[in-house]
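The next block holds one structure in the form of structure tokens; read it before the comments.
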Amino acid sequence: MPITFSPPDLPTPRPRLVFAVTTDLSYDQRMQRICASLTRAGYEVLLVGWQRPASLPLGPQPYAQHRLRGWFQQGKLFYLEYNIRILIYLLSQHAAAWSCADLDAALPTWVRARLGGQPFVYDAHEFFTEVPEVVARPGVQRIWQWVENFVVPRARLRYTVGPALARLFEQRHPGYPFGVVRNVPMGQGEEEKPAASGLAKPAVFLLYQGALNVGRGLAELLTAMPQVPARLVICGEGDCSVALREQAARLGLLATEANPAGQVEFKGYVLPPALRTLTAQATVGIMLLENIGKSYYYSLANKFFDYVQAGIPQLCIDFPEYRALNAQYEVAELVPDLAPATLAAALARLLPDGQPGPRYHQLAANCRRARVEWCWQHEEKTLLSLYATLGLC
């Protein structure tokens with residue numbers, strides 16, 4: 001009787017997903033959460049970004065990371081160079097599906113997916129054709145609108161950060177539905193929270209985290225600060241970094257070595273773990289935007305949820321998505337405009353005489369209830385169900 005041998009059972013290869021972004025990866029918390037969740041769900045994930053002059057070494061993650069290097073860091077030449085370099089790099093890779101974050105990485109990602117016959121995924125972090133930098137330049141806007149019109153119908157899977165933006169995309173592209181994966185942070189047990197560590201909280205201070213770009217309400221907030229009995233800590237950099245520091249200096253507010261008691265401190269870029277600790281120590285979060293484009297007006301920023309998860313009330317612009325969330329759990333003091341007098345009055349309601357008052361404590365209690373629901377542990381279920389529709393696993 002012949003002897004037969006069965007081949008050993010080999011592990012099933014995990015479907016590989018490649019994500020292309022223009023960020024430097026270290027501070028991109030949305031992509032960090034998305035890639036980590038998909039890795040835990042059984043996918044092999046590679047996240048590709050861009051090396052900036054001030055980029056820190058990449059920290060350990062459960063997924064693979066790669067940053068491209070180039071000569072240009074902004075403007076048309078940056079986008080041209082990035083698209084060429086990312087396409088060349090993607091051609092050297094293999095994947096079961098190819099995903100891009102926003103329109104600036106869409107065309108080369110779609111080309112690679114098309115060449116390999118694999119699905120293309122479009123993750124719209126914002127309404128790219130309506131951001132202030134694009135709206136102000138009609139010629140540039142027309143180019144990005146063409147890109148959007150080209151890639152959206154060709155994506156196998158499309159999703160964005162909030163329900164309002166999903167509806168706008170669907171109105172612009174009938175017949176092409178968009179899922180929603182919100183930018184909510186990872187929830188933690190009460191015993192794990194920095195604010196619950198038993199250490200005394202520092203003095204009252206306001207915290208802004210995010211890009212220092214046009215339309216973020218920071219110039220108006222600085223103008224209001226002389227009437228606000230609290231410090232302001234600003235984390236992040238952007239196109240307005242120099243102008244905002246100069247404004248703070250003119251107002252005599254800028255904290256420096258020569259003026260350590262200054263009311264406004266610019267911390268620059270802060271890595272996510274350190275930022276979470278700082279947010280938990282803050283008293284009030286700042287979430288302000290100017291209505292200078294649909295992307296801002298219908299936004300759903302990650303900082304809104306970051307403040308809630310830290311248990312701190314926030315001063316927030318009264319735009320549709322934030323109004324809807326505040327109707328579920330009143331966690332923010334909403335303001336109708338960015339007039340300095342409006343901002344100062346709203347902060348006075350939260351911090352009468354410079355200390356948290358009854359209104360503040362009411363909102364803080366609501367934050368502690370809302371953060372149980374508004375956390376990544378719930379949101380990642382939506383993410384995984386969207387990728388399951390690709391049929392890769």
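Reminder that position 341 of the sequence shown reads as 341 in the numbering used here, one-by-one numbering, no gaps. Ideal placement from N, C-alpha and C gives every residue a C-beta, glycine not left out. Bear in mind that the values here come from a model prediction, so they are computed numbers and not experimental data.
On the DSSP bridge list, what partners appear for residue i?
i, result
"leucine 68", "Trp50"
"aspartate 306", "The partner list for aspartate 306 (beta bridge, DSSP) is empty, contrary to what the question assumes."
"glutamate 44", "Arg16"
"aspartate 123", "Ala101, Tyr159"
"valine 284", "Leu206"
Which first and last residues belong to the alpha helix (DSSP H) in which residue i is found?
i, result
"arginine 16", "No alpha helix (DSSP H) contains arginine 16, which is instead part of the beta strand (DSSP E) from 16-20."
"isoleucine 317", "Careful: isoleucine 317 lies outside any alpha helix (DSSP H), inside the beta strand (DSSP E) at 314-317."
"serine 385", "376-388"
"alanine 348", "340-350"
"glutamine 328", "320-328"
"glycine 116", "106-116"
"leucine 363", "358-373"
Any idea what DSSP makes of residue i, helix, strand or coil?
i, result
"glutamate 290", "coil"
"valine 228", "coil"
"cysteine 393", "coil"
"valine 135", "helix"
"valine 140", "helix"
"proline 194", "Unreliable placement is indicated for proline 194, whose pLDDT of 44 sits below 50; no coordinate value is reported for it."
"tyrosine 27", "coil"
"glycine 311", "coil"
"serine 55", "coil"
"serine 299", "coil"
"alanine 219", "helix"
"alanine 36", "helix"
"glutamine 278", "Before going on, a small fix: residue 278 reads as leucine here, not glutamine. Here leucine 278 sits in helix by DSSP."
For residue i, report the span of its beta strand (DSSP E) as first-last.
i, result
"phenylalanine 78", "No beta strand (DSSP E) holds phenylalanine 78; the alpha helix (DSSP H) holding it covers 75-91."
"leucine 207", "205-209"
"glutamate 333", "332-335"
Identify which residue in the options has its Cα closest to the Cα of residue i.
i, options, result
"glycine 268", "Glu290, Ala248, Gln281, Gly238", "Gly238"
"alanine 211", "Thr256, Pro340, Leu244", "Leu244"
"tryptophan 144", "Ser299, Leu390, Asp104", "Asp104"
"isoleucine 34", "Asn183, Ala155, Glu130", "Asn183"
"valine 180", "Phe169, Gly187, Gly162, Gln188", "Gly162"
"lysine 381", "Ser37, Arg52, Thr22, Leu157", "Ser37"
"leucine 168", "Glu333, Trp374, Gly293, Arg112", "Gly293"
"histidine 361", "Leu390, Gln314, Ala341", "Gln314"
"glycine 59", "Leu87, Pro272, Gln141, Tyr296", "Pro272"
"serine 92", "Phe128, Val48, Leu351", "Val48"
"lysine 303", "Ser26, Gln328, Ala332", "Ala332"
"threonine 39", "Ala54, Arg142, Leu17, Gly354", "Leu17"
"asparagine 326", "Cys100, Ala364, Val152", "Ala364"
"valine 270", "Val233, Leu222, His173", "Val233"
"proline 356", "Leu206, Phe305, Tyr79", "Leu206"
"alanine 96", "Phe120, Asp318, Ala282, Leu383", "Phe120"
"arginine 114", "Gln32, Arg156, Arg67, Gly262", "Arg156"
"arginine 158", "Ala106, Thr279, Ile286, Ile86", "Ala106"
"tyrosine 63", "Leu77, Glu44, Trp376, Leu383", "Glu44"
"glycine 285", "Gln32, Ile312, Glu265, Phe266", "Ile312"
"aspartate 28", "Met225, Leu56, Ala41", "Leu56"
Check the Cβ-Cβ distances between residue i and every residue of chain C, and say whether any is below 8 angstroms.
i, result
"glycine 215", "Of the chains in the structure shown, none is chain C; there is only one protein chain."
Open item on the list: Extract the residue ranges of the beta strand (DSSP E) inside the segment 144-186, only unbroken runs of 3 or more that lie entirely within it.
Closed with: 157-160
- [ ] Run through the segment 223-275 for me and flag every whole beta strand (DSSP E) of 3 or more residues, listed as ranges in chain order.
- [x] 231-235, 264-268
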